[in-house]
Amino acid sequence: MSIKKGGAVLITFLIIVSLIFSGCSKASNTASNNKTASTQYSDTPKYNKDRSFRDISSWPKPPLYQGNPFAAGGVGWQAYSTCFEGLFENIAVSGTIYNRLAKSVENKGNETIIKLQPNVKWNDGKPFTSKDVWAYYMINNGAAVMKFLTDIETPDDNTIVFKWAEPAPNDRLKIALLAQDMQGTVQYEYYKKYVDRAAELLKNGKPTNDPAKKGAFGKEYDQKTNDELNKNWQEFTKAGPKLPLGTGPFMVKSVTASDMILVKNPYYWRAKNVKFDKIILKQVDQAGAWAMLKAGQLDRFDGTPNKDILENMLNTNKDLAHYMTLDNASAGFVFNIQKPPFNDVKFRRALMYVFDKQKIKDVGNYYGTTTEYSTIGMPFSYSKEWVTQDIMDKMTKFTYDPAKAEELLKQDGWTKGSDGIWRDKNGKQYNFVIATDSTAFQFVNPSEVAAEQLTKFGFPTKLMAVDPSMFYTNAQYPNNKYDMSSSWIENSWGLYSPYGALSGFYWGFASSAGNFPRYKTGPKAGQLNMVLPGPDGQPVDIDKTLKEMLFMSDEDQKKVGSVLAWIANENAFGLPYYQNVSGFWLNIKRIKGYPLPDLVKKYNRNVPLQTDPENVKILDDHWYLWVGQGKQFSDGTYAPN
């Protein structure tokens, strides 16, 4: 039985978080003179006289606002990102990890030993110690990493030791698991009452070999203990200070319903790097935000509008630069594979040739990228790193080919009447529905085009745009009310690894909305029950394979993950419309340190998707400014111009 863990209700457009890893090194300025504009900073800015950085955000309006980041509504995303810190900075889209509060990391047998940065203080002046890291995990006892640990030790104020159960994840994934958490959010001295209570309750755990029952420290907890832990958690979330108590470069000075002002933390351990005096945040709707950006009232903004609006924005305000970035998520739909006729894999494969993905993509994300494949369990760009070439060569390419679709359907017993409508071998006609979240244009518009293409081909199909409060419940297991359900169907939001992406696919929305077979009764009730042939024809138990992957080497994960990707494609579980291309804006008149200045000039301030790995990494770091805990403030990359 899992223990409840409150999540910091602090999410950007995707994330969550999903926070990831590809290497572990000290945080550093990744930019060089030709990659970042003007890294030599003057003490007297020419344009940004008040040394401010301006963005939009959202937060609970006073008097509901409080400083506990785990309270309902959080503290505001940018405030969370710059008032608090974790042991690591996570750049989710690329899987890069930098050290933050961790000065050094050593994996030694079943122990991960982390030395903390010296002289770190909370913004109330009290020292940050290993006890605070321990406190974070006692109160956040449902953190993903906790079920893989047997203990957390604090031999001295500057050392934290994580002890791993056997079998343990590989060393890279150990750090990746720790990197999902923001450990500098729970000051032990302030929250001592709740932390100590949680630690005492966790002693009630009993050993278990059942993965489904493992909670903190790999133990099972009875209902009474879980109830008491949950009660303690709820009390903890209401016990916060008036303003955020953290170790980050900024601290909240004032909050109103429309404005939040953050100022430099005088106790910050890297204070000399922080060049801005304040961050000014506005709480406005999206229309207001775009208007502020256009008027030069924001220094940064996330999002890439359609082509006409983007070009108009750049032509109107010559101080803006826009950077395109490839997202770690693909929009599309999954079939309800247990509902006829979608329970026939031959039928699903035939339909793959019906769709003109380019036309579908253009109405959802003009700048997005498409593939020649069906679902592969991950955004296609990640296949270059996570799928072996020999397996890719064996995958079927489902290019737009209506004649091919017609040929395959006829081979499967379908006939097309004089009315242009297809009938199955029993003469039955069908009317299909593609359902999606009514508030998400990136799903609604392409789903409508996909429905039109199916209808034109001979399968009458309608779009059903459903309020999100109902759509996700209706679409997913055990309701599965729709023929096709559209959302983000492939992503890499979890651990940056084949396991992270594929587990998200086979255990997440795609699996649930796709109505993938599950055990109905017994100890495995609700768990995936899919055994399908792999590329070599041998049966693959998908659930069992996924559970083993986390403990494999990176090389073996790639081999096994390639098989699961092949299975997803060959079974045509759904249709990816496009891999999302997003972006971000910077006011380059007011900010020094903006990335790729040569390309900003070359492309007239609209930097396209990059293919050079170094440029991609630099842009990902800047795009994920807030996910990366205000990295460019902390390491001194950004400064007022």
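When you line the sequence shown up against our numbering, it's residues 359 to 999, in that order. Heads up, the beta-carbon is just placed ideally off N, CA and C, and yes, glycines get one too.
| Quick one: Cα of Pro-309 to Cα of Tyr-740, how far? | The question about residue 309 has no answer here: the residues shown for the chain are numbered 359 through 999.
| query | Between the region 523 to 535 and the region 455 to 474, are three or more C-beta pairs nearer than 8 Å? | reply | By the Cβ criterion, the region 523 to 535 is in contact with the region 455 to 474, since at least three pairs of Cβ atoms, one from each stretch, lie closer than 8 Å.
| How many Å lie between Ser-869 and Ala-763 at the Cα? | Taking the first residue of the sequence shown as 1, we reach residue 869 at position 511. Taking the first residue of the sequence shown as 1, we reach residue 763 at position 405. Using only the alpha carbons, I get a separation of about 25 Å.
| query | By the 10 Å Cβ neighbour count, where 16 or more other Cβ atoms means buried, how is Gln-937 classified, buried or exposed? | reply | For this step, residue 937 is matched to residue 579 along the sequence shown. Counting Cβ neighbours within 10 Å, Gln-937 comes out buried, since at least 16 surround it.
| task | Return the residue from the list Lys-960, Gln-811 and Leu-860 that minimises the CA-CA distance to Thr-903. | result | For the purposes of this step, residue 903 is taken as the residue at position 545 of the sequence shown. Of Lys-960, Gln-811 and Leu-860, the residue nearest in Cα terms is Leu-860.
| Where Ile-925 and Lys-571 are concerned, what is the direct C-alpha to C-alpha distance, given to the nearest angstrom? | Residue 925 sits at position 567 when you count from the first residue of the sequence shown. Residue 571 sits at position 213 when you count from the first residue of the sequence shown. So the alpha carbons of these two residues sit roughly 29 Å apart.
| field | Rounded straight-line distance, which links the Cα of Tyr-731 to that of Val-692 | value | Locating residue 692 in the sequence shown gives position 334, counting from the first residue. Locating residue 731 in the sequence shown gives position 373, counting from the first residue. Approximately 14 Å between the Cα atoms of the pair.
| Comparing the C-beta of Leu-954 with each C-beta of chain B, is any distance below 8 Å? | Reference to chain B is not applicable here, since this structure consists of a single protein chain.
| request: Give every residue of the same chain whose Cβ lies closer than 7 Å to the Cβ of Gln-885, excluding the five residues on either side of it in the sequence, and list them in chain order. | output: Position 527 of the sequence shown, counted from the first residue, corresponds to residue 885. The residues are Arg-876, Tyr-877 and Asp-901.
| query | Which residue spans inside the region 448 to 525 form an unbroken beta strand (DSSP E) run of at least 3? | reply | DSSP runs (the beta strand (DSSP E)) wholly in the region 448 to 525: 454 to 457, 460 to 466, 469 to 474, 507 to 514 and 517 to 522.
| Meets three-Cβ-pair contact criterion under 8 Å: the region 811 to 829 and the region 775 to 794 | They touch, by the three-pair rule.
| Helix, strand or coil: how does DSSP classify Ala-597 here? | Numbered from 1 along the sequence shown, position 239 holds the residue referred to as residue 597. Of the three classes helix, strand and coil, the one that applies to Ala-597 here is coil, per DSSP.
| By Cβ distance below 8 Å, which residues in the same chain neighbour Leu-977 in space, the five residues on each side in sequence not counted? | Position 619 of the sequence shown, counting from 1, holds the residue named residue 977. If we look at Leu-977 and ignore the five residues flanking it on each side, its Cβ neighbours are Tyr-681, Thr-683, Pro-953, Leu-954, Val-965 and Gln-968.
| field | Rounded distance between the beta-carbons of Pro-893 and Lys-742, thought under 8 Å | value | Working through the sequence shown from its first residue, we reach residue 742 at position 384. Working through the sequence shown from its first residue, we reach residue 893 at position 535. For Lys-742 against Pro-893, the beta-carbon gap comes to about 18 Å, at or over 8 Å, which does not count as contact.
| request: Specify, as a first and last residue, the run of the beta strand (DSSP E) that Ser-992 falls within. | output: As a first step, residue 992 is located in the sequence shown; it is residue number 634 there, counting from the start. DSSP places Ser-992 in no beta strand (DSSP E) but in the uninterrupted alpha helix (DSSP H) bounded by 989 to 992.
| field | Between the CA atoms of Phe-634 and Arg-458 - distance to the nearest angstrom | value | As a working mapping, residue 458 is identified with position 100 in the sequence shown. As a working mapping, residue 634 is identified with position 276 in the sequence shown. Rounded to whole angstroms, Arg-458 to Phe-634 spans 19 Å at the Cα level.
| request: State buried or exposed for Gln-581, treating a residue as buried only when at least 16 other CB atoms are found within 10 Å of its CB. | output: Position 223 of the sequence shown holds residue 581. Counting of Cβ neighbours within 10 angstroms places Gln-581 among the exposed residues, the total staying below 16.
| Can Asn-849 and Asn-686 be called in contact, C-beta distance under 8 Å? | Counting from one through the sequence shown, the residue named residue 849 turns up at place 491. Counting from one through the sequence shown, the residue named residue 686 turns up at place 328. Taking 8 Å as the Cβ cut-off, Asn-849 and Asn-686 qualify as a contacting pair.
| field | Beta-carbon proximity list for Thr-733, same chain, < 8 Å, skipping 5 on both sides | value | Mapped onto the sequence shown, residue 733 falls at position 375. Counting only Cβ-Cβ distances below 8 Å, and skipping sequence neighbours, we find Gly-690, Val-692, Ile-847, Glu-848, Phe-863, Ala-868, Ala-926, Asn-927, Ala-930, Phe-931, Gly-932, Leu-933 and Pro-934.
| Looking only at DSSP bridge pairs, what is Trp-627 linked to? | The sequence position of residue 627 within the sequence shown is 269, counting from 1. DSSP links Trp-627 through a beta bridge to no other residue.
| message | Taking 8 Å as the cut-off, does the region 769 to 783 touch the region 802 to 813 (at least 3 CB pairs, one atom from each stretch)? | response | By the Cβ criterion, the region 802 to 813 is not in contact with the region 769 to 783, since fewer than three pairs of Cβ atoms, one from each stretch, lie closer than 8 Å.
| Exposed or buried, Ser-827, counting other C-beta atoms within 10 Å across all chains shown (16 or more means buried)? | Taking the first residue of the sequence shown as 1, we reach residue 827 at position 469. With fewer than 16 other Cβ atoms within 10 Å, it is exposed.
| request: Inspect the beta-carbon positions of Gly-986 and Asp-979 and report whether they are closer than 8 Å. | output: For the purposes of this step, residue 986 is taken as the residue at position 628 of the sequence shown. For the purposes of this step, residue 979 is taken as the residue at position 621 of the sequence shown. Yes, these two residues count as a Cβ contact at 8 Å.
| task | Within the same chain, show all residues whose beta-carbon is closer than 6 Å to that of Ser-410, passing over the 5 residues directly before and after it, in chain order. | result | Here residue 410 is taken as the residue at index 52 of the sequence shown, counted from 1. So the list reads Lys-636 and Ile-638, once near-sequence residues are dropped.
| Stretch pair the region 507 to 519 + the region 559 to 571: three plus CB contacts closer than 8 Å | Contact fails: fewer than three Cβ-Cβ distances are below 8 Å.
| task | Go through its chain and collect everything with a Cβ distance to Trp-981's Cβ below 6 Å, but skip five positions before and after it. | result | The residue labelled residue 981 in the question sits at position 623 within the sequence shown. For Trp-981, where only same-chain residues beyond five positions count, the Cβ hits under 6 Å are Thr-683 and Phe-942.
| field | Contacts around Asp-482, its chain only, beta-carbon distance under 7 Å, and the 5 residues preceding and following it disregarded | value | As a first step, residue 482 must be located in the sequence shown, where it is residue number 124. The answer, listed in chain order, is Leu-603.
| said: Assuming Pro-897 is part of the beta strand (DSSP E), what are its boundary residues? | reply: What you label residue 897 is simply residue 539 of the sequence shown in a count that begins at 1. Its beta strand (DSSP E) spans residues 897 to 899.
| In chain order, what residues of the same chain have a beta carbon less than 8 Å from the beta carbon of Ser-416, not counting five sequence neighbours either side? | Residue mapping note: residue 416 aligns to position 58 of the sequence shown, counting from 1. Taken in chain order, the residues that qualify are Gly-434, Trp-435 and Gln-641.
| Closest to Val-519 by CA distance: which of Thr-831, Trp-492 and Lys-600 is it? | Residue 519 sits at position 161 when you count from the first residue of the sequence shown. Selected option, being the one with the closest Cα: Trp-492.
| query | Helix, strand or coil: how does DSSP classify Glu-928 here? | reply | Residue numbering aside, residue 928 sits at position 570 when the sequence shown is read from its first letter. DSSP places Glu-928 in helix when its eight states are reduced to three.
| query | Once you ignore the five residues that flank Ala-647 on each side, which residues in its own chain have a CB closer than 6 Å to its CB? | reply | Within the sequence shown, residue 647 is the residue found at index 289, counting from 1. Cβ neighbours of Ala-647 beyond the five flanking positions: Ile-414.
| message | DSSP has Gly-690 in a bridge; who is on the other side? | response | Position 332 of the sequence shown, counted from the first residue, corresponds to residue 690. Gly-690 pairs with Ser-845 and Pro-934.
| field | Member of Tyr-549, Asn-477 and Lys-975 whose CA lies at the smallest distance from the CA of Trp-591 | value | Locating residue 591 in the sequence shown gives position 233, counting from the first residue. Looking from the CA of Trp-591, the closest CA among Tyr-549, Asn-477 and Lys-975 belongs to Tyr-549.
| Among Thr-728, Asp-714 and Lys-704, nearest to Glu-765 - alpha-carbon criterion | Here residue 765 refers to the residue found at position 407 when the sequence shown is read from its first residue. Just measuring C-alpha positions, the residue of Thr-728, Asp-714 and Lys-704 sitting nearest Glu-765 is Lys-704.
| request: Over the uninterrupted alpha helix (DSSP H) stretch that includes Thr-813, give me the two end residues. | output: For the purposes of this step, residue 813 is taken as the residue at position 455 of the sequence shown. For Thr-813, the enclosing alpha helix (DSSP H) stretches over residues 799 to 815.
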